Amino acid sequence: MIEIQRNRIDVEAVVDSVRRNDAGAIVVFLGTVRADPDVRALDYEVYKPMAVRTLTELGERAREKFGILELSIVHRAGRVPVGGDSVVIACAAAHRSEAFAACSWVMDEVKRIVPIWKTEAGPAKRRARRP
Amino acid sequence: MIEIQRNRIDVEAVVDSVRRNDAGAIVVFLGTVRADPDVRALDYEVYKPMAVRTLTELGERAREKFGILELSIVHRAGRVPVGGDSVVIACAAAHRSEAFAACSWVMDEVKRIVPIWKTEAGPAKRRARRP
Amino acid sequence: MQIQVRLFATYREIVGEGQLAWTFRDGTTVGQLVEAVLAKYPRLLGHEKSMVLAVNHEVVRLDVVLREGDEVALLPPVSGGRR
Amino acid sequence: MQIQVRLFATYREIVGEGQLAWTFRDGTTVGQLVEAVLAKYPRLLGHEKSMVLAVNHEVVRLDVVLREGDEVALLPPVSGGRR
Numbered sequence: 033m034i035e036i037q038r039n040r041i042d043v044e045a046v047v048d049s050v051r052r053n054d055a056g057a058i059v060v061f062l063g064t065v066r067a068d069p070d071v072r073a074l075d076y077e078v079y080k081p082m083a084v085r086t087l088t089e090l091g092e093r094a095r096e097k098f099g100i101l102e103l104s105i106v107h108r109a110g111r112v113p114v115g116g117d118s119v120v121i122a123c124a125a126a127h128r129s130e131a132f133a134a135c136s137w138v139m140d141e142v143k144r145i146v147p148i149w150k151t152e153a154g155p156a157k158r159r160a161r162r163p
Numbered sequence: 033m034i035e036i037q038r039n040r041i042d043v044e045a046v047v048d049s050v051r052r053n054d055a056g057a058i059v060v061f062l063g064t065v066r067a068d069p070d071v072r073a074l075d076y077e078v079y080k081p082m083a084v085r086t087l088t089e090l091g092e093r094a095r096e097k098f099g100i101l102e103l104s105i106v107h108r109a110g111r112v113p114v115g116g117d118s119v120v121i122a123c124a125a126a127h128r129s130e131a132f133a134a135c136s137w138v139m140d141e142v143k144r145i146v147p148i149w150k151t152e153a154g155p156a157k158r159r160a161r162r163p
Numbered sequence: 014m015q016i017q018v019r020l021f022a023t024y025r026e027i028v029g030e031g032q033l034a035w036t037f038r039d040g041t042t043v044g045q046l047v048e049a050v051l052a053k054y055p056r057l058l059g060h061e062k063s064m065v066l067a068v069n070h071e072v073v074r075l076d077v078v079l080r081e082g083d084e085v086a087l088l089p090p091v092s093g094g095r096r
Numbered sequence: 014m015q016i017q018v019r020l021f022a023t024y025r026e027i028v029g030e031g032q033l034a035w036t037f038r039d040g041t042t043v044g045q046l047v048e049a050v051l052a053k054y055p056r057l058l059g060h061e062k063s064m065v066l067a068v069n070h071e072v073v074r075l076d077v078v079l080r081e082g083d084e085v086a087l088l089p090p091v092s093g094g095r096r
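These protein sequence lines map, in sequence, to chains A, B, C and D. 33 is the number of the first residue of the first sequence in the working numbering; add one for each residue after it. 33 is the number of the first residue of the second sequence in the working numbering; add one for each residue after it. 14 is the number of the first residue of the third sequence in the working numbering; add one for each residue after it. 14 is the number of the first residue of the fourth sequence in the working numbering; add one for each residue after it.
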């Protein structure tokens, strides 16, 4: 499951999308919008067709690199309020070490190469969040 | 949230139990019963008061060691069928590297020191699963 | 003094019971209790090397002296499979 | 030939639009397109060092030759914060 969506992410559905009888471990990562004095929400701008393509390729590379069984990535586009999930990644493997390694690697790659940009939406100002 | 329970684990509830506005990352681990030709289910025998005490201490040590914000561990007791979740661990932190490290460390410790034993329940035989 | 002895997994299967109430004289140590259990259930012999002992839900060494009402647990290794 | 130029985040804000339809002569490379965009929007100058270029949703080098109908995207760094 690779999705870019404007609505809330259903975490249970993402987890269920990677379930397999030959998996003994599922690792899930949720990136959430952290509270900050000046931040009410984050706005995610997504170059959608390229993001979907890049996420799909990431999933294939993770399967080859770590031997995992299933991977799903769901990312929000648009405004996500403080406390909301902006990205959920679920990874299933026979054993847990691969699942942890793959999930962590995929999230690093999402931050590094997927064309998604975030802007802080605060009560008054609005500026690009520093890296 | 530290629980040993006979009924199905509500994954979403475990995730929600660690949500905090100052967390930017949540890592969740699900240990699931893997299909095997001779295995229909696993039976988990738990020394419950000691398991709850050990899990609670693990949570405290993980907070000190990794600086995480919240940790929940829910483990099944009794029979868990193939595909079912035998343990769910959720860990919230400001940033993802701590959340991944803590969740992985806690699961290793659960396997190492928490008094829970599993036995395979197959169609005909029943034997202790090899380490 | 009365001591509750708890047995789990393999040990419980060998002994045939998971809980025993035994009487020991004052000053008995955990090690002496284990020796008494092994003497009564010789099929447990050989398991004592990998046995973990807990008193009142806390792992202890063999020289700990027991007290009235203590719950002593004999725990097989909890090796839980591959990472 | 007609080329779609897509701009995102900071670049979109600087230019004031996220999508431009430009006409180039055959044989134009991605690098020449970027030069033309920088010449028309000098406030983008300085950004070209960290700019990532994609043609039809795939990252490319500057010497790639464009073809009729290509979609060229000028992508600011996607640095997504601390691990």
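Glycine included, C-beta positions come from ideal geometry on N, C-alpha and C. Please read these numbers as outputs of a predicted model, since none were measured by experiment.
Query raised in the report: How big is the Cα-Cα spacing for arginine 111/B and lysine 80/B?
Result: 15 Å
**Report entry** Chain-ordered neighbours of threonine 91/D on chain A, where CB pairs are closer than 8 Å
**Finding:** The sequence as given places valine at residue 91/D; threonine does not occur at that position. Within 8 Å Cβ-Cβ: Lys143, Arg144, Ile145, Val146, Pro147, Ile148 and Trp149.
Query raised in the report: Straight-line CA distance for threonine 36/D to aspartate 48/A?
Result: 48 Å
Query raised in the report: Applying a beta-carbon distance threshold of less than 8 Å, which residues of chain B neighbour histidine 60/C?
Result: In chain order: nothing, as chain B lies at least about 13 Å away.
**Report entry** Inter-residue spacing [alpha-carbon to alpha-carbon] between glutamine 32/D and glutamate 84/D
**Finding:** 10 Å
Query raised in the report: Taking Cβ positions, are arginine 66/B and alanine 126/A nearer each other than 8 Å?
Result: yes
Report task. Determine the extent of the alpha helix (DSSP H) in which valine 60/B is found, giving its start and end residues. Result -> Element bounds for valine 60/B: not the alpha helix (DSSP H) but the beta strand (DSSP E), 57 to 64.
Report task. Please confirm if phenylalanine 98/A has its CB atom under 8 Å from at least one CB of chain B. Result -> no
Query raised in the report: Quick one: is the Cβ of arginine 95/A within less than 7 Å of any heavy atom of the ligand MN?
Result: In the structure on display, the ligand MN does not appear, and there are no ligands present to speak of.
Requested in this report: Report the partner residues of isoleucine 34/A according to the DSSP bridge assignment.
Outcome: Ile105/A
Requested in this report: Just mark isoleucine 41/B as buried or exposed, buried being the case when its beta carbon has 16 or more other beta carbons within 10 Å.
Outcome: buried
Query raised in the report: Three-state secondary structure (DSSP) at arginine 144/A?
Result: helix
Report task. Please list, in chain order, all residues of the same chain as valine 146/A whose beta carbon is under 7 Å from its beta carbon, the five residues on each side excluded. Result -> Ala83, Thr86 and Leu87
Report task. Measure the alpha-carbon distance for serine 63/C versus glutamine 17/C and round it to whole angstroms. Result -> 21 Å
Query raised in the report: If you measure beta-carbon to beta-carbon, which residues of the stretch 82 to 95 of chain B are closer than 7 Å to chain C?
Result: Met82 and Arg85
Query raised in the report: How big is the Cα-Cα spacing for lysine 143/B and glutamate 77/A?
Result: 42 Å
Query raised in the report: By Cβ distance, which residues of its chain are closer than 8 Å to glutamine 45/C, with the 5 residues on each side in sequence left out?
Result: Phe37
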